[in-house]
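Residue numbers (my numbering): 1 to 104. Positions of the beta carbon are idealized from the N, C-alpha and C atoms, including for glycine. These numbers were taken from a predicted model, which means no experiment stands behind them. For reference, the structure discussed in these notes is given below.
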Amino acid sequence: MKYAIIFCFSLLTIGSAFGQKNDEKISKLSDKIEQKVIEWRRHVHQNPELSNREFETAKYIETHLRNLGISVQTGVAKTGVVGILKGKKPGKVVALRADIDALP
């Protein structure tokens, strides 16, 4: 889990020169939120919803993204949620995708 968090933080800084100081900062930040991320994962796994019926899961994700100050689009392909992080400079776009449905 910790490495997944570190990977996500790393994606946000593509193009930047990483030094040991930044690695330590990312490690400290990921340690700080690790338990919260585990809680989110457990909640989603304990409340499974079938494909195209993930209404509660979508609301859960939307709420967390909005609480983080992230712009959100909902109803994408029925139950999809899109969080939009805009940088201060023009440039390429990075997209991350995840399935939120449960298997029957």
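- A distance below 8 Å separates the beta carbons of I84 and S71.
- Straight through space, the alpha carbons of K28 and Q20 are spaced by roughly 12 Å.
- According to the DSSP assignment, T79 belongs to no beta strand (DSSP E), since it is labelled neither H nor E.
- For the pair V37 and S30, the Cα-to-Cα distance works out to about 9 Å.
- Residue state for S30 is assigned as helix, using DSSP reduced to three classes.
- DSSP, read as helix, strand or coil, puts V72 in strand.
- A distance below 8 Å between beta-carbons, with the five flanking residues on each side excluded, links K89 to no residue of its chain.
- Going by beta carbons, D101 and L68 fall outside the 8 Å limit.
- Closest option to V81, judged by alpha-carbon separation, among P48, T57 and L103: T57.
- If you draw a straight line from the Cα of Q35 to the Cα of V44, it is about 14 Å long.
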